[in-house]
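Counting the sequence shown from 1 gives a position; this note's numbering is that position plus 767.
Every residue, glycine too, gets a C-beta built ideally from N, C-alpha and C.
Please read these numbers as outputs of a predicted model, since none were measured by experiment.
Below is one structure, written out as structure tokens; the observations come after it.
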Amino acid sequence: MIELRQLRALCTLRETGSLVRAAERLHLTQSALSHLFREMEERHEQPLFVRKSRPLRFTSAGLRLLQLADDILPRVAVAQRDLARLASGQSGRLNIAIECHSCYQWLMPTLNTYRDDWPEVELDLCSGFHFAPLPALVRGDLDLVVTSNPDTELKGVHYYPLFSFEMCLALNRNHPLLQNGKRRWVTPEDIDGEVQITYPVERERLDIFQYFLDPAGIEPEDVRTAELTVMMVQLVASGRGVCALPDWALHEYLQKGFIAQLRLGEKGLWSTLYAAVREEMLEQAYLADFLQTARDTCFSHLKGIRAATGSESRQAGSATEI
């Protein structure tokens, strides 16, 4: 018998390219996932993929099961969604605020997919730059807030981890720090006196200050703000300063050769993005499906992200191996 969990595990292995990453995504130990695949191979009396191949290669049997998964799993998801509608009703409201403009890169595809699946749900989207979105969530003015700075003192709010990502430093391609061609990371002292280009939010909400510069007592020469990621990148490319942005937000600009990138600390500065919702909303089928759609979209659209456990450290220079 072929089980859905087996097909999902095989698809996750294809998406991640390694047993380690697949286990992280599925919230399993590597040994448990290896055992699952061994059971499948024993049942079908043949290997499903080539161990230690780079990139990972699937056998004919593995490819046939992936073909089955691509056919079956979407249909199962549709059926589950239909059953949830029948059980809890189809209509609802989902007012969303985001605290990061770079999130539009994955949020817009998420909304496009979600609208097709839940056309009766009223969707509204706003930026959380110019007001405090989490208190608005508690008041009921909002239904979901995308944030990397959870306020654990707020009662009745659940933080659903979407993914973990690395904050990196974007620099002009001719920056002195890049001259020897061997540097891969910077210390806070390396960027002492640089102009920091940031989004227009409070300093305490910016990881570059809270977890990198402030603990080292480093002050920038100046802080310059821009509301759009593309504007920040343009300022960096023209040598007006440096900025810290998620690795996945910088990917397309690095590919085009507009800027360069270095890690913040030898092991990187990692953060986790959450969807904050009121606890009483968690039983709403349309909200639960939005959270799952958002997570799936993130992993299919973004480079360099990892599965989140919700308990990651964000100290610069400490590895967040999750």
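Would residue i pass as a contact of residue j if the rule is Cβ separation under 8 Å?
| i | j | result |
| --- | --- | --- |
| Ser801 | Leu786 | yes |
| Ser869 | Pro1013 | yes |
| Phe898 | Leu1040 | no |
| Val1009 | Ile958 | yes |
| Leu936 | Leu1031 | yes |
| Ala1061 | Leu929 | yes |
| Ala836 | Leu793 | no |
| Glu956 | Ala983 | yes |
| Ser1038 | Asp989 | no |
Starting from residue i and walking both ways along the beta strand (DSSP E), at which residues does that stretch end?
| i | result |
| --- | --- |
| Thr992 | 989-992 |
| His925 | 924-938 |
| Leu1012 | 1010-1013 |
| Leu911 | 911-914 |
Go ahead and pull the three-state DSSP assignment for residue i.
| i | result |
| --- | --- |
| Asp1056 | helix |
| Asp883 | helix |
| Gln813 | coil |
| Phe898 | coil |
| Glu889 | strand |
| Thr996 | helix |
| Pro982 | helix |
| Ala864 | strand |
| Gln946 | coil |
| Gly829 | helix |
| Arg906 | helix |
| Val968 | coil |
| Gln963 | strand |
| Arg792 | helix |
| Arg805 | helix |
| Arg710 | Outside the displayed span of the chain (768 to 1089) sits residue 710, for which this structure offers no information. |
| Arg818 | coil |
| His1007 | Correcting the residue type first, residue 1007 is Arg in the shown sequence and not His. Coil. |
| Arg951 | coil |
Apply the 10 Å Cβ neighbour rule to residue i and answer buried if 16 or more other Cβ atoms are within range, or exposed otherwise.
| i | result |
| --- | --- |
| Thr996 | buried |
| Gly1077 | Caution applies to Gly1077, whose pLDDT of 48 falls short of 50 and renders its modelled position unreliable; the value that the coordinates give is listed next. Exposed is the call here. |
| Met807 | buried |
| Val913 | buried |
| Leu1049 | exposed |
| Gln1051 | buried |
| Asp910 | buried |
| Pro900 | buried |
| Asp1056 | buried |
| Ala1074 | buried |
| Pro886 | exposed |
| Pro987 | buried |
| Ser820 | exposed |
| Thr1087 | Bear in mind that a pLDDT of 29 at Thr1087, under 50, signals an unreliable position, so the number given afterwards is only what the model happens to contain. Burial call: buried. |
| Asn941 | exposed |
| Met768 | exposed |
| Glu969 | exposed |
| Arg848 | buried |
| Gln834 | exposed |
What are the boundary residues of the alpha helix (DSSP H) that includes residue i?
| i | result |
| --- | --- |
| Arg1030 | No alpha helix (DSSP H) contains Arg1030, which is instead part of the beta strand (DSSP E) from 1027-1031. |
| Leu1036 | Premise fails: Leu1036 lies in the beta strand (DSSP E), 1036-1045, not in any alpha helix (DSSP H). |
| Thr783 | 771-783 |
Taking 7 Å as the cut-off, is the beta-carbon of residue i closer than that to any non-hydrogen atom of the ligand GDP?
| i | result |
| --- | --- |
| Val843 | Although the ligand GDP was asked about, the structure shown includes no ligands whatsoever. |
message: Under 8 Å: do the stretch 865-884 and the stretch 1024-1037 share three or more Cβ pairs, one atom per stretch?
response: no
task: Check whether the stretch 1041-1049 touches the stretch 893-912, counting contact only when three or more Cβ pairs, one atom from each stretch, lie closer than 8 Å.
output: yes
message: If contact is defined by three or more beta carbon pairs under 8 Å, each pair taking one atom from either stretch, is the stretch 941-955 in contact with the stretch 915-924?
response: no
- prompt: Should the stretch 809-822 be regarded as contacting the stretch 1007-1022, the criterion being three or more beta carbon pairs within less than 8 Å?
  reply: no
Validate contact between the stretch 885-893 and the stretch 998-1014 using beta carbons, cut 8 Å, 3 pairs: no
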